[in-house]
Amino acid sequence: MRKAEDKAREYADRALAAGKAAGRRIGSFLLKKLAVLLLPFLPWVLVGVAVFLGVAVLVAGIYSTMSPQSYMTGVVSSPQDKVIKAKYERLTSTVWGEGPAWNAADTYLVPEESFRRFRYYPQTGFENMHALKDKYRHDFDLRLRWGTVHAVCLYWQYIFNKQEIPDWLREKVAKDLHPHFYYIKRTESYSVSCPKGSHSETRDVYLLVEAHTIYGWYQYHYEEVTETHRSGECTVTTRTWQFKDTIQLWPDRYQWIKQYLKNLYKLDGILDKEKQIEQTRYWVMEAGEGFTQQKEWLQWLISNYGAETIASGAMVPPEYMPFLKEAEERFGIPWWFLAAVFQRESSWDPTAVNTGTGCFGISQQHPDYWKDRWLRLGFSPPELYQWDPRAQILAGALVLADYIGDPKSIDWKNDGWKSDPQVLKALAKYGGFGDDVDRAINGKEHYIPDILGYAEGMQAGAVWPVPGYRKITGWFHEPRPGHLHQGIDIAAPEDTAVVSVSGGAVVFAGWWGGYGNTVCVYDGVHMYLYAHLSEIDVSEKQAVRPGDRIGAVGNTGNSYGPHLHFGVTEGGLMCPYRDDPDAHWINPLLVVQPQ
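When we follow full-length UniProt numbering, the leftmost residue of the sequence shown carries the number 1, and every step to the right adds one.
Following this line, the structure appears as structure tokens:
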């Protein structure tokens, strides 16, 4: 019990520090913009300068006190905050049947992909599944956050000098801004053929093909891929649907929410209207997002263990791996080195925008040069593909190759790349340090050391957790009594070795209720859960690398026989606490395949 309390306190301290940092960031930005924005707002902000000064800072401050981490970590919040937060969470739930659940209100199963001239939105004449089902979780990334609804309402409260936010406004905003998702259903298969026998399995998957959201209107495309490889005496064949590209249908991806805020806040009469509307959108969405727990954890892991220790190929979002391999083939830079750069630049967020420089996307492309690069790569018109991960990754490789000069001359196979002057100069330039390589290495940003550490670690790919045993007896999201199965079950004899899929730090090692003996490893991107173990061979805070033994297959906890339950989350921790709203379970087969 004491160990759990200490861990909760550690989580609380880290979350509180992150919340304060977010508040400072938003407050500082707003004060800088005050001189420009104050005059146009005066005619219609009747409550005066003091209220206007406090609006956005209060958005950030109140969000911080009501942050998702507060109830999880034990940070004290008022009873009223909890009641209000519960209202927002009900309105933005992804579970249909628990009230309005607007994120799951319009999720339609359609027959085919949509294309630029053929769009599904705003059609509703299809089967409504009332669930977020995308294999790659693009829908989850685009869901309406409760904090965004709160920020929109809070800003309205102060603009119009209201004493409180009425429930009708919360319900209106959640309904008005909720997403529409359209999916196709496809089949994937996995088969193993061995001299002593063979078996095969199929499963249905759902793929998001169109999304109309406050973050943009997008179409997604996929292709069927068949891969065959040898594993000992066996032949393994997989047939999967791989993510291909994203097309943006609006010239300005935020045009819907900007128009909505303009109408809601009655911004028609102000000077420099378009600029002020964009600033308002930024305030509201920044406050709504709050702080990013994942990035705080990642920085903590790096500072305590080093990027080379926590990093592995398992950190790379699986849907982006084909694009990295394509970039390697076209530009001569190894995929793992590119992955290290993009991990450091954006943590794989294709919608990331640096508000100071305007650089955007996975590879942080410069706003003045990106269109020419898109055209060089064949993405035309470039505006359609600005937020396409494939375009962003290829453009990043193009720029880095130009900076290096001749990537094929670099010693990528040994350790020569770590100290090659051309590589170091290219990284400094890519990171915005110009010719100042020394600052890129020794400065407070630790830019080049972080990338070199990531690159060293990422050369190790993900490892199957039960070497030699590939049979899956329980699939991800398989219906179980009262819940969906949040992982996969791998059958193997008791006491068979269980190894770490990834690099990272052991954040939990012990008994966890129905999971029995459990080990959780976190690498800053994913959390990996290994359950029902017969024994545990690691301790908390221990660093592990892919392939390191962490325990053995067992039958502890609520188990029906010897097997490993293997689960993976994104966005936060669920171990040993399972109520982190920023974390969500994903299909482990997206991260690692049977080997």
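We treat Cβ as the ideally placed atom computed from N, Cα and C, and that holds for glycine.
Practice item. Whole angstroms is fine: what's the gap from Gln392's alpha carbon to Leu377's? Key: Rounded to whole angstroms, Gln392 to Leu377 spans 10 Å at the Cα level.
Three or more C-beta pairs under 8 Å: does that hold for the region 307-314 against the region 449-467? yes
- Query: Unbroken alpha helix (DSSP H) runs of length 4 or more, entirely within the region 252-317: which are they?
  - Reply: Within the region 252-317, the complete alpha helix (DSSP H) runs of at least 4 residues fall at 255-265, 273-289, 293-305 and 307-310.
Determine the DSSP secondary structure at Ala426, reduced to helix, strand or coil.
helix
Just how far apart, CA to CA, sit residue 644 and Ala491? In the structure as shown, the chain begins at 1 and stops at 595. Residue 644 is therefore absent and cannot be evaluated.
The beta strand (DSSP E) enclosing Asp245, as first and last residue numbers: Cys234 to Gln248
Subject >> Rounded separation between Arg281 and Ile257 - CA only >> reply: When only Cα atoms are considered, Arg281 and Ile257 end up about 7 Å apart.
Is there at least one non-hydrogen atom of the ligand GTP closer than 8 Å to the beta-carbon of Tyr282?
Summarising the ligand content, the structure contains no ligands, and the ligand GTP is consequently not present.
### Query
If we count the other Cβ atoms within 10 Å of its Cβ and call it buried at 16 or more, is Gly518 buried or exposed?
The question names Gly, but residue 518 in the sequence shown is Thr. The residue in question, Thr518, is buried, as its Cβ has 16 or more Cβ neighbours within 10 Å.
Practice problem: Look at Ala505 and Tyr522 and say whether their C-beta atoms are less than 9 Å apart. | Solution: yes
Looking only at DSSP bridge pairs, what is Leu564 linked to? Answer is Ile490.
(request) Give me the Cα-Cα distance between Trp102 and Pro467, rounded to the nearest whole angstrom. (result) Cα to Cα, the separation comes out at about 43 Å.
query: Quick one: is Ser502 buried, meaning 16 or more other Cβ sit within 10 Å of its Cβ, or exposed?
result: buried
Next on the checklist: Just verifying my parser: in three-state terms, what is the DSSP assignment at Ser500?
Outcome noted: Coil.
*asked:* What residue range does the beta strand (DSSP E) around Phe181 cover?
replied: Looking at the DSSP string, the run of the beta strand (DSSP E) that includes Phe181 is His180 to Cys194.
Q) Is Leu590 helix, strand or coil by DSSP? A) helix
Next item on the list: List in chain order: all unbroken alpha helix (DSSP H) runs of 4+ residues lying wholly within the region 153-177.
Entry: 167-176
In the DSSP assignment, find the unbroken alpha helix (DSSP H) run with Ala131 in it and report its ends.
Per DSSP, Ala131 belongs to no alpha helix (DSSP H) and is neither H nor E.
* Asked: Sorted by chain position, which residues of the same chain lie with C-beta nearer than 8 Å to His485's C-beta, five sequence neighbours on each side aside?
  -> Gly474, Trp475, Phe476, His477, Glu478 and Pro479
- [ ] Check Gln595 in the structure and name its three-state DSSP category.
- [x] coil
Candidates Leu261, Lys135 and Lys172: which alpha carbon is nearest Leu208's? Lys135
- Query: Relative to the C-alpha of Ala340, which residue among Phe140, Pro317, Cys359 and Asn354 is closest?
  - Reply: Pro317
Considering only the beta carbon of each residue, do Ala497 and Val463 sit closer than 9 Å? No.
Does the count of Cβ pairs from the region 191-201 and the region 166-176 closer than 8 Å reach three?
no
When we look at the beta-carbon of Thr92 and count the other beta-carbons within 10 Å, is it buried (16 or more) or exposed?
-> buried
Check your understanding: Are the beta-carbon atoms of Thr246 and Thr237 separated by less than 9 Å?
Key -> no
From the DSSP output, read off the bridge partner residues of Val519.
Ala509 and Tyr530
Output the boundary residues of the alpha helix (DSSP H) element that contains Asp141. For Asp141, the enclosing alpha helix (DSSP H) has its first and last residue at His138 to Asp141.
Tell me where the beta strand (DSSP E) around Gln392 begins and ends. Element bounds for Gln392: not the beta strand (DSSP E) but the alpha helix (DSSP H), Pro389 to Ile404.
Using a Cβ distance threshold of 8 Å, determine whether the region 526-545 contacts the region 557-568, with at least three qualifying pairs required. yes
For Ala21, is the classification buried or exposed, using 16 other Cβ atoms within 10 angstroms of its Cβ as the cut-off for buried?
Note that Ala21 scores 44 on pLDDT, short of 50, meaning its location in the model is unreliable; the coordinates nonetheless yield the value given after this. Answer is exposed; the Cβ neighbour count stays below 16.
Note to self: Run through the DSSP bridge pairs and tell me what Thr569 is partnered with.
What the structure shows: Met527 and Trp585
Practice prompt. With DSSP collapsed to three states, give me the class of Glu113.
Written response: coil
Got a sec, what are the start and stop residues for the beta strand (DSSP E) Trp217 sits in?
Gly216 to Ser231
- Three or more beta-carbon pairs under 8 Å between the region 368-382 and the region 347-355, yes or no? Touching, no, given that fewer than three Cβ pairs across the two stretches are closer than 8 Å.
task = Assign Thr357 to buried or exposed, taking buried as 16 or more other Cβ atoms, counted over all protein chains shown, within 10 Å of its Cβ.
result = exposed
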